[in-house]
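>
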Amino acid sequence: MKIYNTNDEVKKDIKGRMLTINDSVTFYCNIDINASINAWEINALSINAGDINVENINARDISYYAFCTAYHNITCNSWKAGREIHHEPICLDGKLTIKTTTGEQR
349 MKIYNTNDEV KKDIKGRMLT INDSVTFYCN IDINASINAW EINALSINAG
399 DINVENINAR DISYYAFCTA YHNITCNSWK AGREIHHEPI CLDGKLTIKT
449 TTGEQR
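In this note's numbering, the protein residues as written are 349 to 454.
1) Under the assumption that A407 contacts I395 (Cβ atoms under 8 Å), give the Cβ distance between them as a whole number of angstroms.
2) One question on the structure: do N355 and N378 come within less than 9 Å of each other, judged by their Cβ atoms?
3) Check whether the Cβ of N378 sits closer than 8 Å to any heavy atom of the ligand NAP, and report yes or no.
4) From N370 to G430, what does the alpha carbon distance come to, in whole angstroms?
5) Does the beta-carbon of Y412 have 16 or more other beta-carbons within 10 angstroms, so that it is buried, or is it exposed?
6) What are the boundary residues of the beta strand (DSSP E) that D409 is part of?
7) Tell me which residue opens and which closes the beta strand (DSSP E) that N391 is part of.
8) I'd like the list of long-range same chain contacts for I351, defined as Cβ closer than 6 Å, with 5 residues on each side in sequence excluded.
9) Counting C-beta neighbours from all protein chains within 10 Å, is the total for I400 16 or more, i.e. buried, or is it exposed?
Right under this line is the structure:
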């Protein structure tokens with residue numbers, strides 16, 4: 349498992365404008381990088397990103413700029429696009445599941 353405590357630690361692992369994550373990772377900091385993140389699955393409390401493209405997303409809240417895609421599933425409490433013209437999160441082979449405050453899924 350990789351642990352990042354500062355944004356500078358994250359920047360040190362960027363190679364060719366790509367942060368590749370092949371194992372579990374925990375960020376104890378906000379991430380502000382000019383690079384893509386290569387990871388199959390994201391499990392997070394909150395995600396705030398330009399654009400997101402991964403295998404699976406499991407988050408409390410998702411905030412993105414224009415589009416958010418996952419090959420399989422997206423599970424979250426809420427999603428919000430920052431751009432007026434945007435697309436609802438897309439799941440190519442699965443489904444978008446929005447959890448309510450009571451724990452039910454819709």
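Cβ atoms here follow ideal geometry from the backbone N, Cα and C, with glycine treated the same way.
With the given structure in hand:
1) Separation of the CB atoms of A407 and I395 is rounded to 5 Å, and the pair is thereby assigned contact status at 8 Å.
2) Contact annotation: N355 and N378 have beta-carbon atoms nearer than 9 Å.
3) The ligand content of the structure shown is nil, which means the ligand NAP is not present either.
4) C-alpha of N370 to C-alpha of G430: approximately 29 Å in a straight line.
5) Y412 should be labelled buried.
6) Start and end: 404-412.
7) Element bounds for N391: 389-397.
8) Excluding sequence positions up to five before and after I351, its CB lies within less than 6 Å of the CB of T374, all in the same chain and listed in chain order.
9) Here I400 is buried: its Cβ has 16 or more other Cβ atoms, across all protein chains shown, within 10 Å.
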